[in-house]
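Participant:
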Amino acid sequence: MQRTNNLLILALFVGVAFHGSSVFFTLETTYDALIHLFFADHYAQSWFEPWDYRWYTGFTVQAYPPLVHQSIALLSYIGGLKFGLFSVAMVGILLFITGSYRFGLLITGNGKIAGYTALLAVFSSTFIETLHLFGQLPSIIGLSVLLHALPEIYAWVKTGKLRYLATSLSLIAVTVTSHHVTPIFGMVFFIFPLLGMVIMDAAKDKVAGYKQITFVIFWNTFKRLFWRMVTFGFSSLTLIIVCILPYWINSKNNPITQVPIPHGSRDNFLEVTSSGLVFFLIPWGILLFILPYLFYRFFSKRYLFFGLSFSLLTLLGTGGTTPIPLKLLGETAFNILTLDRFTLWATIMALPIFGEFVYRMVQGDLKANLQQKYGAVYHRIIGGCIAGGILVMVIFTMSLNYFRPAQPQKINVLPIVNFLNQDQHDQWRYLPLGFGDQMAWLSAQTNAMTVDGNYHSARRLPELTTRAIERLENSKFRGVEGIGSLQQFLTIPEKYNLKYIFSNDKFYDPILYFCGWQRLQQLENGIMVWEKLNVPPLPKIIPKDDVSKTLKIMWGIIPLLTVILAFIINIQWIWFRMLKNKKLPEGPFLKYAITYDKFSKGLIRINHIWALILVLILSYGIYQFYLNNAAQHSPKNVVMAYYDALDFKEFERAHSYLDPNREVTLSQYMLEVSVTDGILSSYAKLDSVAIELSGQTESAVRAKVRTQWITPLEKVEKTFYHSLLKTDGKWYIQPKTIDTDLPPDQLLSSTNATFYNQGRRRITTQETHHEDVLKQPVLEVLSAKLIQFQDRYSIVGELQNIDDIPADITIKATLYNDNNISLANYNAKYHVKHKLMPKETTTFRIDFEGIAWSSAKDTIPTTFNPDEFTPINFEEKPIKFNLQCAGNVAITDLYKQLALQEVQLQDGSINGVLFNSGIQEVTIPQLLVSYYDENKELIWVDNHFLEEGVRIQRKQYFKYDLMGLTDLKLINAGMENCFVNGLPNASISEKSFPNRNAKHPKEQLQALKGDGFEFIKIELNSYIGNPK
Amino acid sequence: MNSTVTLEIPNKLKTKLYILILFILFNGCQDTNIQTNVEDDIFKLLPSRNKYVAGEKIQLQFQGKNNNSFLWLSTAFGSTMLTPAEEKDNLTFTFPISFSQKSGSCYWRLVNDEKILLEGEVYILPNTEKTISLESFLGPKRIAAGGTDFSMLVAAPTDMYDNVLGDSTEINIHYQFKNDIEKATAYLRNGIGWKNIYSPHNSGRMLITTSHKGQSSKEMTTIVNPANAMDFNISYSRNHNYADGNQMITFTSDVIMDTFGNTVSDGTLVTFFVKNSTGALLKTHGTTINGIAKGSLLHPDKPEIWSVTAYITGTAKSNSLAVRFAPAVKDFKIGYTEDARTISIHQMQSFMGQLAPDGILVALEIRDEKGILLETMRATSREGEVRFILSKDFYSSGNYQLRFSAAGIIKRKEVTLQ
């Protein structure tokens, strides 16, 4: 028995050294760890108050069992939040290793095998993944404590000593308070088979061996032990309910009605290989090779119930690969549960059997068998392969985060925290973009609130819950739903008191600009702060869902109490049993250890064949991977490869596909690339490429390449034409001729009025001084109409800044029915110039957007379209409208030096050139095209983003396809409900602009007869990506 | 102290009420006269003033015996109960300073149990001797020139206890604009004095201050912006009059003024509309600095007559300019290699015989013998030359029709590719 302790101590020593040191480099970049840290911060600040205002406009932390969070919070009083996090992680590591040991001992009854189990647990890829990649601390702790509880349950059922009932229940209570799913499914998948095994063992006591157990004997034993099992079952059920009662009440009151969020573990692993890797290959790891042995052992009579459970877990863990898990779990459970946990449990369950295998391999009958049959060298090779395989999986899993980071670079949140604390910036909500899970760490550092959050089960706003997005912060990865949700928050930020956005991802910049946001400053950590004007601060009193005091006290006290009780009840047992097993009464399961003397020869053969098949499949997979990546074997491949290289901005690779005979050097190519800017080259992600080949000969072909690009603003479809030539057996793309146009001037000057707003001139924490409050610029609505176009309602109109200072404008429209009941409201999004110079006019259009796919019948399209529009379903016909315009002093984004030239009017389209006469490079030019009827009355406004930018003193060609407007219907052109800065528009018009010349706007129209219109007007708006 | 008193009252009242209820219960529903315990003492207010100045000590003395008597005070700021200080047969009530320092009417009632024995009113005047603060506000802080727009000045002088002063108190106002300093007076009404300060005809900065009895406000500013612009003239400047598609033409406005001769605000947007010979509208923008706006366009690349008008929409419009562009490139030559597969457009010479500036767009339409368009190739010139290659891989040998267009010149050729 002395050897057992050595192995366990070795496992603990190695485990703590390995995990304990590496956890400092991995845990903070995992998916979940920082979320738990945020929850811990909540408890550290207000232990008994479950409501947290900081996420989702307020949510309750009773949506997640609190033990781990409260433990971190408690420890944070000593050494800060991160100290708490790492300390709890260490405890988790210790509990897991000792838990595995005890589980191994329980299953096999053999101390040595249990020692091997503990050692293998240290290096099991499933544990490494759960801890170092996912950071699921509560899950680890819950599971480990459950493993500790299993021997106690066994002892209770077997012996009936109340002491064991107490120990097992105390441990179950700890499990419940640390993770809610673990005990519920643990009951099904661990405890039920365990009870089966106890009955088997008890039945075996009556007969000679397991083989003699018949169903009658089994049934009789079951009846004898029945009441012990029932006692345990009901007591633990009571614990599950009582210990986290507030959680259950909260779940009942706020059922998860949200649209399920896609999770990789539900994918078909054969189709989505990355999910297959993360949720199947890595957790199983080396265990895959000995699957036949695992099943063989699990389906021996003693483990029969574990075998059934193991098979079920394995099956459920395969996610959407087969339709069986969906049918077993049902639609709801399938879409709520993350199925990777089944794999986790299966692999943990397999650990003792794996330990047994290794024991037999290292010093048991398998070793003897292999040596006898294949020689000692072969045995060593196989042993080396298994050891090597384990190490490869360990290193691969640990390094996954290094090569494919799941998170953006570590962000120093201190400047952001300082920003929020300065100048009352925390009086508004903020939104981080492109932060990954580090947003949780930012939230933990500040008391400012965000509309976003990182625990999606607690989402409350319908804009979020009706869509399958985890966070707004990473919305670009969620396609149309993500960007669609984000757009709603950006377009009507007043609704959420959202004023500041911290952008860590340039991708979102255009959408922010065109939704009317402006850059405020770049923080020292490189994060760009965007702000929106005209957003009211948060009210002093924010609503919350309160719960009774009893529940609050329960929630605050019970979890840690369970730990203390478990400690008192178990300390002598666990502590001594762990280290000095001998001195205590042996576990009743120890006498069921079997001797290993005859390893089945058939099994060796089957396992060999299985391993061989696996190796073949793996090799084939690698070969396929190589083939797909061979670029220049066919014209299609080279075009695909070229666009792939462009998409990932690997210009050197892209250049290697260009015809070398055309002598475009790499440096020339890079130079050409470096001067192109615009939405396609800087903000787009390639979505699909369709290639049509024509006129193919032996050595040449023409390719029409239809590409679809996802940009933050809209989906761009662009067709490119390429000529391809074959030289020396490789296909090459002919490089494009480049525009040789030279700008007229080498050095140029530009003078412009620029503006600066001091903000508060007096440095004070008090309310802004009366003199420092700027007068809002006065605007005038020149026209506004409610228009029905096809099935949607819009408000189009024209607005002028009639003040003497530049204005940032916000236009909010509300629709009413005939009885003056408000039907919908929305703000102007893209179809307006948000910044106006003095006396500048802009046309605008306001669409009324609903929440996409809010009814269950709607099918979510699989393709991505950021510009997807969901019209509101009006129950009644809108008749009237109200327009609220607000002007605020603008000092940025006032570039007006874009000129319209070389306009050619054609049937159905306009060709033209934009010329940049100023000294800022326009990254995304926008055309606002307004349509007018025969009376020169505005009827519609459309917009068009140019795909490429306009460099200084250069031209950019554009083609705009005119719209057909025959379906258009004017509903109301009344201006009586138009307000500017809260004052009626008519009075402003009368006072500030009494002698308006109404002819001017009409003289500025372009006559162009088209489908439903007679005149048009083109206005220009320019987004500058890098203002200088 | 007051608060403890107010707390005790209800308790005492309650006890009384209980006794009363018990009494009624004992007596059933008999119609009896309920005797109160209060003796009908006659209370009398001892002579006192009914006007005080804020901050003075205010005392009311009553003749009479204390038998649970209280003085109830009520002002616009709130109410309280006072307990008396008893001297022999007199009850003396001293107003707390929170009441004696607030100007306005203060009502009092002498209460015994639930009976009002006496009531009256004292009037507290603001302490005009000790004015210490003068709050003034001015807004809006930007107005338009011309005498119709105005800023409103509001002043509220208060005494040391923050009491507003009485009606008709005089407030002196000074305002400075350019070289003039003017004086005006406003009178308080309901605590505040106000005056509308109408804008002068000139734009500029107006400084305003108020004073009262030696107390002055700080300096307040209102900016007088120019009024709406008047029509203006524009001119243009360019390096030459050739349509080379390369040089810039700049349109410049006069100094744009409003009706009163003020230069319009910096940053006012002026849009220059250009109607070209095909009737298409081109446009460029300029923002004013010192009233002058400039907008630039590139020369066209073919002969043109432009008609230019500038607008400040709704308020002002410029004269119309006619701008002519003479052709820069008059001709070009087309050259072929032997197999006719490389075609060069060359000798694109500009007005002085120099090579045309780089970037002139040349379009080549290739049609087959039947006149079906196969491809349109576009390229821009470099050093007066453009080269097209008709590769064997894409164009088999045969006859083709070619159409070249550049700088408004169109040429057609037929070639036979080898």
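If you read the sequences in order, they're chains A and B. Those letters in the first sequence? Residues 2 to 1029, per this note's numbering, in order. Those letters in the second sequence? Residues 41 to 458, per this note's numbering, in order. Don't be surprised by glycine CBs; every beta carbon is placed ideally from N, CA and C.
In angstroms, rounded to a whole number, what distance separates the CA positions of A/K858 and A/A334?
Facilitator: For the purposes of this step, residue 858 of chain A is taken as residue 857 along the first sequence, with counting starting at 1. For the purposes of this step, residue 334 of chain A is taken as residue 333 along the first sequence, with counting starting at 1. For A/K858, the pLDDT reaches just 36, beneath the cut-off of 50, and the residue's location in the model is therefore unreliable, although a value from the coordinates is still provided. About 19 Å.
Participant: What do you reckon, are the CB atoms on A/T222 and A/I192 nearer than 8 Å?
Facilitator: Residue numbering aside, residue 222 of chain A sits at position 221 when the first sequence is read from its first letter. Residue numbering aside, residue 192 of chain A sits at position 191 when the first sequence is read from its first letter. Contact: no.
Participant: What is the residue span of the beta strand (DSSP E) that B/D199 lies within?
Facilitator: In the second sequence, the residue the question calls residue 199 of chain B occupies position 159. Taken as a continuous stretch (DSSP letters only), the beta strand (DSSP E) holding B/D199 covers F190 to D199.
Participant: Which chain C residues are close to B/H241, counting only those with a beta carbon under 8 Å from its beta carbon?
Facilitator: Absent from the structure is chain C; the protein chains it does hold are A and B.
Participant: Which bits of chain A does B/Q434 rub up against, with CB to CB less than 8 Å?
Facilitator: Looking up residue 434 of chain B in the second sequence gives position 394. A small fix is needed here, since residue 434 of chain B is Phe in this sequence, not Gln. The contacting residues are G696, A701, R703 and S724.
Participant: Out of A/D908, A/Q446 and A/L816, which one is the CA nearest neighbour of A/N874?
Facilitator: The residue given as residue 874 of chain A occupies position 873 in the first sequence. Out of A/D908, A/Q446 and A/L816, A/L816 has the C-alpha closest to the C-alpha of A/N874.
Participant: On a CA-only basis, which of B/L337, B/A116, B/G411 and B/I274 is nearest B/L321? Give me that one, please.
Facilitator: By 1-based counting over the second sequence, the position of residue 321 of chain B is 281. When each option's Cα is compared against that of B/L321, the closest is B/L337.
Participant: Given that a residue counts as buried once 16 or more other Cβ atoms are within 10 Å of its Cβ, and exposed if not, what is B/N152?
Facilitator: The residue labelled residue 152 of chain B in the question sits at position 112 within the second sequence. With 16 or more other Cβ atoms within 10 Å, it is buried.
Participant: How is the beta strand (DSSP E) around A/K716 delimited, first residue to last?
Facilitator: As a working note, residue 716 of chain A is residue 715 in the first sequence. First-last of the beta strand (DSSP E) with A/K716: K716 to T728.
Participant: Considering only the alpha carbon of each residue, which of A/F849, A/T752, A/A74 and A/P744 lies closest to A/Q789?
Facilitator: Counted from its first residue, the first sequence places residue 789 of chain A at position 788. Selected option, being the one with the closest Cα: A/F849.
Participant: At 9 Å on the CB atoms, spell out the chain A contacts of B/I406, in chain order.
Facilitator: Residue numbering aside, residue 406 of chain B sits at position 366 when the second sequence is read from its first letter. Ordered by position in chain A, no residue passes the 9 Å Cβ test against B/I406, which lies about 13 Å from the chain.
Participant: Per DSSP, what kind of secondary structure is A/G286 in: helix, strand or coil?
Facilitator: Reading the first sequence from its first residue, position 285 is the one you call residue 286 of chain A. A/G286 falls in the helix class under three-state DSSP.
Participant: Under a Cβ-count criterion, where at least 16 other Cβ atoms within 10 Å of its own Cβ denotes burial, should B/Y163 be classed as buried or exposed?
Facilitator: Along the second sequence, one-based indexing puts residue 163 of chain B at 123. Counting Cβ neighbours within 10 Å, B/Y163 comes out exposed, since fewer than 16 surround it.
Participant: When you compare the CB of B/T456 with every CB in chain A, is at least one pair closer than 8 Å?
Facilitator: Mapped onto the second sequence, residue 456 of chain B falls at position 416. Not one chain A Cβ lies under 8 Å of B/T456.
Participant: What did DSSP end up calling A/N986 once you bin it into helix, strand or coil?
Facilitator: Sequence index remark: in the first sequence, residue 986 of chain A carries index 985 (1-based). DSSP places A/N986 in helix when its eight states are reduced to three.
Participant: Would B/T196 count as contacting chain A if we go by Cβ distances under 8 Å?
Facilitator: Within the second sequence, residue 196 of chain B is the residue found at index 156, counting from 1. At residue 196 of chain B the sequence reads Ala, which differs from the Thr that was named. No, because no Cβ of chain A sits closer than 8 Å to the Cβ of B/A196.
Participant: For chain B, check one thing: does any of its Cβ atoms lie closer than 8 Å to the Cβ of A/E841?
Facilitator: As a first step, residue 841 of chain A must be located in the first sequence, where it is residue number 840. Chain B contact via Cβ: present.
Participant: Where in the segment 426–452 of chain B do unbroken runs of the alpha helix (DSSP H), each at least 4 residues long, occur, reported from the N-terminal end onward?
Facilitator: Whole alpha helix (DSSP H) segments, 4+ residues: zero.
Participant: Consult DSSP for A/S635 and reduce its assignment to one of helix, strand or coil.
Facilitator: For this step, residue 635 of chain A is matched to residue 634 along the first sequence. Three-state result, A/S635: coil.
Participant: Mark B/C69 as exposed unless 16 or more other C-beta atoms lie within 10 angstroms of its C-beta, in which case mark it buried.
Facilitator: Your numbering for residue 69 of chain B matches position 29 in the second sequence. Annotation note: pLDDT 43 at B/C69 (below 50); position unreliable, coordinate value reported separately. B/C69 should be labelled exposed.
Participant: Is A/L901 close to chain B? Criterion is C-beta to C-beta, closer than 8 Å.
Facilitator: Position 900 of the first sequence holds residue 901 of chain A. Cβ-Cβ to chain B under 8 Å: yes for A/L901.
Participant: Any C-beta of chain A sitting closer than 8 Å to the C-beta of B/M392?
Facilitator: Position 352 of the second sequence, counted from the start, is the residue given in the question as residue 392 of chain B. Chain A contact via Cβ: absent.
Participant: Comparing alpha-carbon positions, which option in A/H70, A/L82, A/I98 and A/G356 lies nearest A/G21?
Facilitator: Within the first sequence, the letter at position 20 stands for residue 21 of chain A. When only C-alpha atoms are compared, the closest one is A/I98.
Participant: Which whole-angstrom value describes the C-beta separation of A/I245 and A/V177, a residue pair presumed to lie in contact below a C-beta threshold of 8 Å?
Facilitator: Along the first sequence, one-based indexing puts residue 245 of chain A at 244. Along the first sequence, one-based indexing puts residue 177 of chain A at 176. The Cβ separation is near 6 Å, so the contact holds.
Participant: From this set, B/T349, B/A366 and B/I263, which residue's C-alpha is nearest A/L775's C-alpha?
Facilitator: Here residue 775 of chain A is taken as the residue at index 774 of the first sequence, counted from 1. That would be B/I263, whose Cα lies nearest to the Cα of A/L775.
Participant: Should B/Q75 be flagged as near chain A, meaning a C-beta pair shorter than 8 Å?
Facilitator: Here residue 75 of chain B refers to the residue found at position 35 of the second sequence. Unreliable placement is indicated for B/Q75, whose pLDDT of 38 sits below 50; the coordinate value is still reported in the next sentence. Chain A contact via Cβ: absent.
Participant: Run down chain B in chain order and give the residues with a C-beta less than 7 Å from the C-beta of A/A72.
Facilitator: Locating residue 72 of chain A in the first sequence gives position 71, counting from the first residue. One point to set straight first is that residue 72 of chain A is Ser, not Ala, in the sequence displayed. Within chain B, no residue comes near A/S72; the closest Cβ sits about 47 Å away, beyond 7 Å.
Participant: Return no unless some Cβ of chain B is closer than 8 Å to the Cβ of A/H1001.
Facilitator: To locate residue 1001 of chain A, count along the first sequence from 1; it is residue 1000. It does; some Cβ of chain B falls within 8 Å.
Participant: Contact criterion: CB-CB distance below 8 Å. Does A/R761 meet it with respect to chain B?
Facilitator: Position 760 of the first sequence, counted from the start, is the residue given in the question as residue 761 of chain A. No, its Cβ sits nowhere closer than 8 Å to a Cβ of chain B.
Participant: For A/Y757 and A/I892, which I take to be in contact (beta-carbon distance under 8 Å), what is that distance rounded to the nearest angstrom?
Facilitator: As a first step, residue 757 of chain A is located in the first sequence; it is residue number 756 there, counting from the start. As a first step, residue 892 of chain A is located in the first sequence; it is residue number 891 there, counting from the start. Their Cβ separation, rounded to whole angstroms, is 6 Å, which keeps A/Y757 and A/I892 in contact under 8 Å.
Participant: State the start and end residues of the unbroken alpha helix (DSSP H) segment that holds A/R298.
Facilitator: As a first step, residue 298 of chain A must be located in the first sequence, where it is residue number 297. Unbroken alpha helix (DSSP H) run through A/R298: L292 to F299.
Participant: Would you kindly work out how many angstroms separate the C-alpha atoms of B/V348 and B/L361, rounded to a whole number?
Facilitator: Within the second sequence, residue 348 of chain B is the residue found at index 308, counting from 1. Within the second sequence, residue 361 of chain B is the residue found at index 321, counting from 1. So the two alpha carbons sit approximately 5 Å from each other.
Participant: Could you check what DSSP says for A/C244 in three-state terms: helix, strand or coil?
Facilitator: As a working mapping, residue 244 of chain A is identified with position 243 in the first sequence. Three-state result, A/C244: helix.
Participant: Return the CA-CA distance between B/K223 and B/H339, expressed in angstroms with no decimal places.
Facilitator: Looking up residue 223 of chain B in the second sequence gives position 183. Looking up residue 339 of chain B in the second sequence gives position 299. Whole-angstrom Cα-Cα distance: 58 Å.
Participant: Within the segment 794–818 of chain A, note down every full beta strand (DSSP E) run reaching 3 residues or more, in order along the chain.
Facilitator: Listed in chain order, the complete beta strand (DSSP E) runs (minimum 3 residues) inside the segment 794–818 of chain A are 808–817.
Participant: Strictly below 8 Å CB to CB, what residues from chain B border A/Q801?
Facilitator: Counted from its first residue, the first sequence places residue 801 of chain A at position 800. Going along chain B in sequence order, the residues near A/Q801 (Cβ under 8 Å) are T353 and G354.
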